[in-house]
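Asker: According to my numbering, the sequence shown holds residues 43 to 335 in order.
The beta carbon of each residue, even a glycine, is placed where N, CA and C say it ideally should be.
Remember, it's a predicted structure, so these values are computed and weren't measured experimentally.
One structure is given below, represented as structure tokens, and several questions about it will come after.
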Amino acid sequence: MLVNATRMLKKAHDEHYAVGHFNINNLEWTKAILLEAEAQKSPVILGVSMGAAKYMGGYKVVAAMVRALDESLGITVPVALHLDHGNYDAAKACIEAGFTSVMFDGSSLPFEENVEKTKELVALAHDKGCSIEAEVGAIGGTEDGITADGEVADPEECKKIVELGVDFLAAGIGNIHGIYPVNWTGLHIDALIKIQEATGGIPLVLHGGTGIPDNQIKEAIAHGMSKINVNTDCQLVFAQATIDYCAAGKADPTADNAAKGYDPRKLLKPGFEAIRAKVKEKMELFGSVGKAA
Ligand code: 13P
Numbered sequence: 043m044l045v046n047a048t049r050m051l052k053k054a055h056d057e058h059y060a061v062g063h064f065n066i067n068n069l070e071w072t073k074a075i076l077l078e079a080e081a082q083k084s085p086v087i088l089g090v091s092m093g094a095a096k097y098m099g100g101y102k103v104v105a106a107m108v109r110a111l112d113e114s115l116g117i118t119v120p121v122a123l124h125l126d127h128g129n130y131d132a133a134k135a136c137i138e139a140g141f142t143s144v145m146f147d148g149s150s151l152p153f154e155e156n157v158e159k160t161k162e163l164v165a166l167a168h169d170k171g172c173s174i175e176a177e178v179g180a181i182g183g184t185e186d187g188i189t190a191d192g193e194v195a196d197p198e199e200c201k202k203i204v205e206l207g208v209d210f211l212a213a214g215i216g217n218i219h220g221i222y223p224v225n226w227t228g229l230h231i232d233a234l235i236k237i238q239e240a241t242g243g244i245p246l247v248l249h250g251g252t253g254i255p256d257n258q259i260k261e262a263i264a265h266g267m268s269k270i271n272v273n274t275d276c277q278l279v280f281a282q283a284t285i286d287y288c289a290a291g292k293a294d295p296t297a298d299n300a301a302k303g304y305d306p307r308k309l310l311k312p313g314f315e316a317i318r319a320k321v322k323e324k325m326e327l328f329g330s331v332g333k334a335a
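Here's what the structure looks like:
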């Protein structure tokens, strides 16, 4: 059931759990995440970066694929199709293309420009029943070629952006995209508490969900992080499962045991199952299992 993310995140915030945002890259990824969300009776957010959307053929292709899979697989749990780290043009295009949720990432713009553009996009999104996430304070690491430090957001700036009517807010608290460096000092829970106070209880978004120790994830959820973004973790398990399959000679057409293991439906299956297992693990950690109603 495709919905926007507002209600599911308010509920998560009230009941102190988080909804997983899992990035998708193709049909296998989408199907694995949808089926696991249904199996766990968990709400879920499918995140699509601008780069991944381009790879899949564009926003319209993604919207059509997700809608059709949701319907054909008989998915009953709430599913939001969400643009991840969109610029102004991408956010507009996704609202038009039928995404149910968008993130406008104006964090690299001068703050006043971030405010102006967020304000405009809040109106456009809400006009179409689409939820909208904004960002204050760059999230660290590299994604789609954009690098930032593990910044900590200013509570006053967060307050100003929230007052524009955004539905949930990404606020940096030292989190980083991708694999955390060994000398990473951890999440700034003290900063999170201040941000949540300043923003009057709006659901907050934790980017860079891969590699954060479980106890820190739980503490962040307890203090208002209601949406947790996971991308790298699924990529890592997909890659490893595929490597293991190939290393075992299963894709080799000349091997004795070759049963057309190079057929993409067989080749991609271990990775597909690995994504399902990772999504299950995260949903259990985030506390969203059984929360679909
Ligand atoms: P990771 O790749 O670190 O899991 O981060 C994902 C993310 O924040 C997407 O916006």
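1. What are the start and end residues of the beta strand (DSSP E) that includes K348?
2. As an exercise, report each continuous beta strand (DSSP E) stretch of at least 3 residues that is fully enclosed by the stretch 95–183, in chain order.
3. From N67 to L88, what distance separates their C-alpha atoms?
4. List the whole-angstrom C-beta distance separating A211 from A176, where the pair is believed to meet the contact cut-off of C-beta under 8 Å.
5. Determine whether the beta carbon atoms of V283 and G313 lie at a separation below 8 Å.
6. Let me make sure I understand the geometry here. Which of F141, H249, K308 has the alpha-carbon closest to that of K102?
7. Would you check whether the ligand 13P has a heavy atom nearer than 7 Å to the C-beta of V272?
8. To the nearest angstrom, how far is it from the Cα of K83 to the Cα of I75?
9. Are the beta-carbon atoms belonging to S173 and H127 less than 8 Å from one another?
10. Using the Cα positions of H168 and A297, report the straight-line distance between them to the nearest angstrom.
11. For the ligand 13P, I want to know if N337 counts as a neighbour, meaning its beta carbon is within less than 7 Å of at least one of the ligand's heavy atoms.
12. Does DSSP put G313 in a helix, a strand or coil?
13. Check for me: the beta strand (DSSP E) holding I87 runs from which residue to which?
14. Checking the sheet assignment: what are the DSSP bridge partners for G62?
15. Should H58 be counted as a contact of the ligand 13P given a C-beta to heavy atom distance under 7 Å?
16. Cα-Cα, which of L44, A139, A316, L115 is closest to Y287?
17. Looking at G251 and the ligand 13P, is the gap between the Cβ and the nearest heavy atom below 7 Å?
18. For E78, collect the residues of the same chain with a Cβ closer than 7 Å to its Cβ; drop the 5 residues on either side in sequence, then sort them by chain order.
19. Can you grab the Cα-Cα spacing for the pair M50 / A334, in whole Å?
20. Would you say the beta carbon of D256 is closer than 7 Å to some non-hydrogen atom of the ligand 13P?
21. Hey, would you say the C-beta of D11 is under 7 Å away from at least one heavy atom of the ligand 13P?
22. At which residues does the alpha helix (DSSP H) containing A79 begin and terminate?
23. Short check: CB of V208 to CB of T160, under 8 Å?
24. Are the beta-carbon atoms belonging to I270 and F328 less than 8 Å from one another?
25. Please report the residue range of the alpha helix (DSSP H) in which V204 lies.
26. Taking the beta carbon of P152 as the centre, do at least 16 other beta carbons fall within 10 Å, making it buried, or is it exposed?
27. Thinking C-alpha only, which one of G242, A110, K170, P197 is nearest K73?
28. In angstroms with no decimal places, state the Cα-to-Cα distance between K134 and L166.
29. Tell me the DSSP secondary structure of A213 in three-state form.
30. Quick one: Cα of E57 to Cα of G243, how far?
Answerer: On the basis of the supplied data:
1. Residue 348 lies beyond the stretch modelled for the chain, which goes from 43 to 335, so this question has no answer here.
2. 121–128, 143–146, 173–178
3. 10 Å
4. Note that residue 211 is Leu in the sequence shown, not Ala. Confirmed, about 6 Å.
5. According to the sequence shown, residue 283 is Ala rather than Val. The answer is yes: Cβ separation under 8 Å.
6. F141
7. yes
8. Whole-angstrom Cα-Cα distance: 12 Å.
9. no
10. 57 Å
11. Outside the modelled stretch of the chain, which goes from 43 to 335, sits residue 337, for which no answer is possible.
12. helix
13. Element bounds for I87: 86–91.
14. I270
15. no
16. A316
17. yes
18. R318, V321, K322
19. 8 Å
20. no
21. There is no way to answer for residue 11, as the model of the chain reaches only from 43 to 335.
22. 69–82
23. yes
24. yes
25. 197–204
26. Exposed, since its Cβ has fewer than 16 Cβ neighbours within 10 Å.
27. A110
28. Counting only the Cα atoms, L166 lies some 8 Å from K134.
29. Taken through DSSP and simplified to helix, strand or coil, A213 comes out as strand.
30. 12 Å
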